[in-house]
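J.:
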Amino acid sequence: MFDIILLLYFVCVVLSNQAPLKLDIETRRSDGKELSQSYLEKRLGLSLPVSNQYSVYTTILRMGSNRDPVRVILDTGSSDLWVMSSQVNCVSKNTEAKRETIVDKILTGLNFKSQGEICTENGAFNYLASTSFVKNNTEPFSIGYIDGVTTKGFWGHDNVFFAGNSISNFSFAVAQETSSKIGVMGIGLAEAVSTNTKYKKQYENFPLKLKTSGIMNTTSYSIYMNSYSPPSFGAVLFGAIDHAKYSGNLTTVDIHNEANSLARLRIPISSIQVVNDQTDDPVTIVNKGPDVLLDTGCTYSRFPRDVVDGIAKEIGATYDTIQDDYYVDCDIASTLRLNFKGTPIDFPINELLRSAGDKCSLAIDVDENNSLSILGDNFLRRMYLYFDLDNKQISVAQAVYTDREDIEIVSENRDFQSQSQEVESEVKQEEKDKSSAGTHIFVPLLVLTLSLLFVLLFNV
């Protein structure tokens, strides 16, 4: 009897460790007009020009013993978690530590108003009231931006709660001075944490900590949004893939970073084409595309000059030398096609535009120095993405907007099953999903449980 109890306990542990972790995310849009002026961002020591943003992926964490709720940006373009202190000094642009916050305008696009309490409107962490918080005796935390402004604070560790789970003694930064409205939850590669890039001191960031804490088997996650137009909702699924959320097969591409460059979630584009929706004829812009950073922290995207010029020419856009922008009819019927190792992913051109009166401007900015091309939110919403940080790979597919679920746990040292989701009919698929939902999770665990019980009973 005691052996059976032990076995049941073991099975419960297996079930617990293999359950997927789903963290709900939301995109939020600026209340004001879309911003168009370019700013220079310096993120983790790299300066790059990006456009002002007006939407962002966000999620909610609860910090410390009092579980203070804070909303943070879910950012694949960085690797650290930092949150507002409840004692934060909200600095306006006109003070000595002036800041036209790029976390506001580049990452979130939320309008900055300079009121003293504005930077805590998305929640703050009262570290002084948390009985489990420990302040680190280390170098201070700071994020610098090209316009000379900063977010400053200190490092510490405490318990972090999310989606019915928690991580103990997790390292993160607490902002003491900022003019940003919202903190950032970086889920990039662990070697890209700011302490490693600045001081050669690496720690376990959020995705890696999930694995080492035993919550997940792998350092991996998939990201999906359920519609194109914000506000919209979606999820980041740690350690698992939802096969119902994409069409065709997931194509796996190796992460590519140049030697001695910052470790980023970049993959190469095989080719870029523009497709006329009426004739379905593709015109190739480049046969070998750039490496692109998949960045949920940016709304718009950027390519090298020759790529942007080629796209603009093919869709009949006109260049405005004063505004330094391309303009085109808002109702254009063309599609931009990005190919990844032969797998095409389509993006309607009219979803890649900014409103500009009776015209629209192309919401793809120019990477003048070819320093870093980016696929931001306006592209990522049409993509289903699985980030395998253990094996330094990213899998991509065309996203399908649906509430159905078909979740597979991705085990360590095992390839996932890349399933085609082409459906015969909506009704047929609904019936199929109802009967098979959760099969990827339940069946293997059921077989394991019955096998162990069989062995135990016949050896008693």
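Quick note, in numbering that gives the first Met the number 0, the sequence shown goes up one by one and the last residue is 459.
The beta carbon of each residue, even a glycine, is placed where N, CA and C say it ideally should be.
Source: prediction; values computed, not measured.
(1) Name the DSSP bridge partner or partners of residue 334?
(2) Going by the CB atoms, is the gap between residue 264 and residue 292 shorter than 8 Å?
(3) Below 7 Å CB to CB, which residues in the same chain sit around residue 254 once its five sequence neighbours on both sides are set aside?
(4) Run the CB neighbour count on residue 133, radius 10 Å, all protein chains shown included, and call it buried at 16 or more, exposed below.
(5) Within the chosen definition, does the stretch 351-361 reach the stretch 276-292 through at least 3 CB pairs nearer than 8 Å?
(6) Could you pull the start and end residues of the beta strand (DSSP E) that residue 251 belongs to?
(7) Run the CB neighbour count on residue 79, radius 10 Å, all protein chains shown included, and call it buried at 16 or more, exposed below.
(8) Name, in chain order, the residues that DSSP records as bridge partners for residue 215.
(9) Within this structure, are the beta carbons of residue 271 and residue 327 separated by less than 8 Å?
(10) Relative to the alpha-carbon of residue 135, which residue among 171, 193, 57 and 188 has its alpha-carbon at the smallest distance?
(11) Of all the options 130, 178, 161 and 268, which has the alpha carbon lying nearest to the alpha carbon of residue 141?
(12) How far does the alpha helix (DSSP H) with residue 193 in it reach, from first residue to last?
(13) Could you give the residue range of the beta strand (DSSP E) that holds residue 319?
(14) Where does residue 96 fall in DSSP's three states?
(15) My output table needs one value for residue 356: the three-state DSSP class, helix, strand or coil.
(16) Take residue 202 and list the residues in its own chain whose beta-carbon comes closer than 7 Å to its own, dropping the five residues that flank it on each side.
(17) Look at the alpha carbon of residue 122 and the alpha carbon of residue 25, and state the distance between them as a whole number of angstroms.
(18) By how many angstroms is the C-alpha of residue 239 removed from the C-alpha of residue 406?
(19) Taking 8 Å as the cut-off, does the stretch 243-252 touch the stretch 396-403 (at least 3 CB pairs, one atom from each stretch)?
(20) So for residue 208, helix, strand or coil by DSSP?
(21) Comparing alpha-carbon positions, which option in 189, 190 and 174 lies nearest residue 183?
(22) Select from 339, 377 and 331 the residue whose C-alpha is nearest the C-alpha of residue 357.
T.: Based on what the coordinates show:
(1) 274 and 347
(2) yes
(3) 264, 265, 266, 391, 392 and 393
(4) exposed
(5) no
(6) 245-253
(7) buried
(8) According to DSSP, residue 215 bridges with nothing at all.
(9) no
(10) 171
(11) 178
(12) 193-198
(13) 317-319
(14) For residue 96, the predicted structure reports a pLDDT of 36, less than 50, and the residue's modelled location is therefore unreliable. A value from the coordinates is still provided. If DSSP states are grouped into helix, strand and coil, residue 96 belongs with coil.
(15) coil
(16) 170, 192 and 194
(17) 16 Å
(18) 7 Å
(19) yes
(20) helix
(21) 174
(22) 331
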